[in-house]
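Counted the way the working numbering counts, the sequence shown spans residues -3 to 469.
The structure under discussion appears below in the form of structure tokens.
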Amino acid sequence: MPAAQSAEWARPGFASETAPGPDLDQGAGQVDGQMGGQIIRQDQLSAAVLAQISAETVITVPGSQIPLLHLALPPGLRGQAREQVAKRQLADQTGLGQNSLSLRPFVPQQADPIRPRQKRGFDSWTRVLAGDSDWLHSLQDLPGRAVLPDYLTLPTAAGIWSLTLEQIAAPPVPDSGPQSGPQSGPQSGPLSGLQSVPLLVARLGPGDGFSARPALGLAMLHQALQAPPGTAPQAILWLGSPEAPELAEITAAARAHDIAVIHSPAEAKALDLPPPERFAHGELACDLRHNPMAARARLATAVLPWRWPLLAACLAAGLWAAGQWVELTRISAEIAAQTARNQALVRAHFVPSGPILDARLQVSRALAELQRNSAAAGAHLDPLELTGRLAQGVTAAGLRPDLLSYRAGEGLLLALRLPDFAAADQLAETLRAAGLSPSLTESRVDEARRGVYVEFVITDQKHSPKATQEPQP
-3 MPAAQSAEWA RPGFASETAP GPDLDQGAGQ VDGQMGGQII RQDQLSAAVL
47 AQISAETVIT VPGSQIPLLH LALPPGLRGQ AREQVAKRQL ADQTGLGQNS
97 LSLRPFVPQQ ADPIRPRQKR GFDSWTRVLA GDSDWLHSLQ DLPGRAVLPD
147 YLTLPTAAGI WSLTLEQIAA PPVPDSGPQS GPQSGPQSGP LSGLQSVPLL
197 VARLGPGDGF SARPALGLAM LHQALQAPPG TAPQAILWLG SPEAPELAEI
247 TAAARAHDIA VIHSPAEAKA LDLPPPERFA HGELACDLRH NPMAARARLA
297 TAVLPWRWPL LAACLAAGLW AAGQWVELTR ISAEIAAQTA RNQALVRAHF
347 VPSGPILDAR LQVSRALAEL QRNSAAAGAH LDPLELTGRL AQGVTAAGLR
397 PDLLSYRAGE GLLLALRLPD FAAADQLAET LRAAGLSPSL TESRVDEARR
447 GVYVEFVITD QKHSPKATQE PQP
């Protein structure tokens, strides 16, 4: 929006409550595309009108007092800092004090649907609705669905600009200086001494718009048409009177840029354009009664009394965490000391050389090795001699072993199949008579061969005097 428009909205006394004028929404349509409702200008409000306003009514204010401006904000700003920078930039552009300005982010819910949500949230503060703080605060008590600038109530669509000429009633500006702001309270009846002021209301697609005096509005329209290629519309929808003198200049400007001029939303279909719709682009989300900075201030006021209890809770949590850390450090030191003592014992008695990787496993292996060496040292038997004596006993009994193997530290393992358990007892007696000591380790019935399967561990009676185990049936 050009900075020249600040000349219009810098006058807070402009377009205050006046006698009723023509309805901006000729034949009011639908609100938000779903719920029916009426559109009423602020200068038409009176006590009788306010009593009949429904919850779906939309109240409009002159767009010349609440322009839509574009700001260049650094990309890293968020929250309150972003809003403060936006107000400072706007104050530098207009020459007004920061305290006299109030901003509302332009946040149409359905604008730019393909943009990520976080991008749309940032863009909402690069396009702002700006106005006098006292005047915007006076709108808080207005009823209805939303309070919007008049240009946001025009039907529009992608590629279509909507224009109309409105006559609003405005009081004369006092000689003592500008008023503090238009009053929004109800009036008992029409005011006297009011003058009719024309306004050119323009909606430049779903994302832009303005309202200004016709001379200034036409200049702004020409400037918008001179924008880079690709931003110009395909059609201009004129909703004002066909006899309006501004229509001729608008038609000439549109013809110079090869833009069609239509006079009803139905004509857009013939141009293969989407039909212009009212409140179909999330305009109701731009309610001027909603002040995000005031909401943040209320939240800060509600949270502030909790700061000291929260600080005490954080301090207590810090002390508890410090105590737990000290205790964990002490336990870790004790575990490390005990591990060092265990490794010293293992090194002294079990693993004299080499690294200690798994103390439990290495100690078990060392003990097993000591047991094997002790058993082998106490046996002093010759496996070949023991095998020869066993072979003589087995051959004398007329048997043929299935398995014969030697186990160090244990003796000879003899496995064979016998007709019955009595044969196993007889074989054990034969081996004892030969000076051997048989120990029965396994005996089971072999159903496949109709006999029994037995295993003996054979040692010399001199070195392993073991009692013969009876076979189990």
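Note that beta-carbon positions come from the ideal geometry of N, C-alpha and C, so glycine has one too.
The structure presented is a predicted model; accordingly, all values stated were derived computationally and were not measured.
Item: Proximal residues to Lys265 (C-beta, below 8 angstroms), its chain only, five neighbours per side dropped; Value: Pro271
Item: Backbone CA spacing between Trp316 and Ile331 [nearest angstrom]; Value: 23 angstroms
Item: Beta bridge counterpart(s) of Phe206 as assigned by DSSP; Value: Ala198
Item: According to DSSP, residues forming a beta bridge with Asp128; Value: Leu97
Item: Unbroken beta strand (DSSP E) run spanning Arg303, endpoints; Value: Unbroken run through Arg303 is the alpha helix (DSSP H), 303 to 345; no beta strand (DSSP E).
Item: Coil, strand or helix - Ala429 by DSSP; Value: helix
Item: Sub-8 angstroms separation of Ala231 and Gly155 beta-carbons; Value: yes
Item: Continuous beta strand (DSSP E) assignments of at least 3 residues falling wholly in the region 384 to 457; Value: 399 to 403, 407 to 414, 432 to 442, 447 to 456
Item: Spatial distance of Ile454 from Leu409 (CA atoms); Value: 6 angstroms
Item: Where the alpha helix (DSSP H) through Thr247 begins and ends; Value: 242 to 252
Item: Collapsed DSSP secondary structure at Ala144 in the structure displayed; Value: Checking the sequence shown, residue 144 turns out to be Leu, not Ala. Here Leu144 sits in strand by DSSP.
Item: Buried/exposed call for Asp442, threshold 16 Cβ in 10 Å; Value: exposed
Item: Cβ pair Leu432, Leu423 closer than 8 angstroms; Value: no
Item: Check whether Pro145 and Leu125 have beta carbons under 8 angstroms apart; Value: yes
Item: Span of the alpha helix (DSSP H), counted from its first residue to its last, around Leu46; Value: 43 to 48
Item: Delimiting residues of the beta strand (DSSP E) encompassing Val57; Value: 54 to 57
Item: Neighbour-count burial assignment, Gln48, 16 or more Cβ in a 10 Å radius; Value: exposed
Item: Bridge partners - Arg123, DSSP secondary structure assignment; Value: His66
Item: 6 angstroms Cβ shell around Gln85 - same chain, five flanking residues per side excluded; Value: Leu67
Item: Assigned secondary structure, Cys103 (DSSP; H/G/I helix, E/B strand, else coil); Value: It is Val, not Cys, that sits at residue 103 in the sequence shown. Three-state result, Val103: coil.
Item: Which residues DSSP lists as bridging Ala153, in chain order; Value: Ile156
Item: Three or more C-beta pairs below 8 angstroms linking the region 124 to 139 and the region 273 to 289; Value: yes
Item: Own chain partners of Thr383 with C-beta closer than 8 angstroms, once the 5 adjacent residues on each side are dropped; Value: Leu400, Tyr402, Leu408
Item: Nearest candidate by alpha-carbon position, reference Asp456, set Val450, Leu386, Arg343, Phe417; Value: Leu386
Item: Identity of the residues DSSP links to Ala228 by a beta bridge; Value: Its beta-bridge partners do not exist; DSSP assigns none.
Item: Identity of the residue in Trp304, Ala82, Ala404, Ser98 nearest Asp128 by Cα; Value: Ser98
Item: CB contact flag (Gly438, Val450, <8 angstroms); Value: The amino acid occupying residue 438 in the given sequence is Glu; Gly does not appear at that position. Yes.
Item: Through-space distance from Ile327 to Ala336, alpha-carbon basis; Value: 14 angstroms
Item: Distance between Ala215 and Thr247 (C-alpha atoms, nearest Å); Value: 14 angstroms
Item: Span separating the alpha-carbon of Arg251 from that of Ala244; Value: 11 angstroms
Item: Through-space distance from Glu52 to Met31, alpha-carbon basis; Value: The predicted position of Met31 is uncertain, since its pLDDT is 37 and thus under 50; a value taken from the coordinates is nonetheless stated next. C-alpha separation (whole angstroms): 7 angstroms.
Item: Continuous beta strand (DSSP E) stretch holding Ala256: start and end; Value: 256 to 258
Item: Spatial neighbours of Ala240 in its chain, beta-carbon cut-off 6 angstroms, leaving aside the 5 residues before and after; Value: Leu161
Item: Ser60 - DSSP class collapsed to helix/strand/coil; Value: helix
Item: Nearest-angstrom Cα separation, counted from Tyr147 out to Pro238; Value: 19 angstroms
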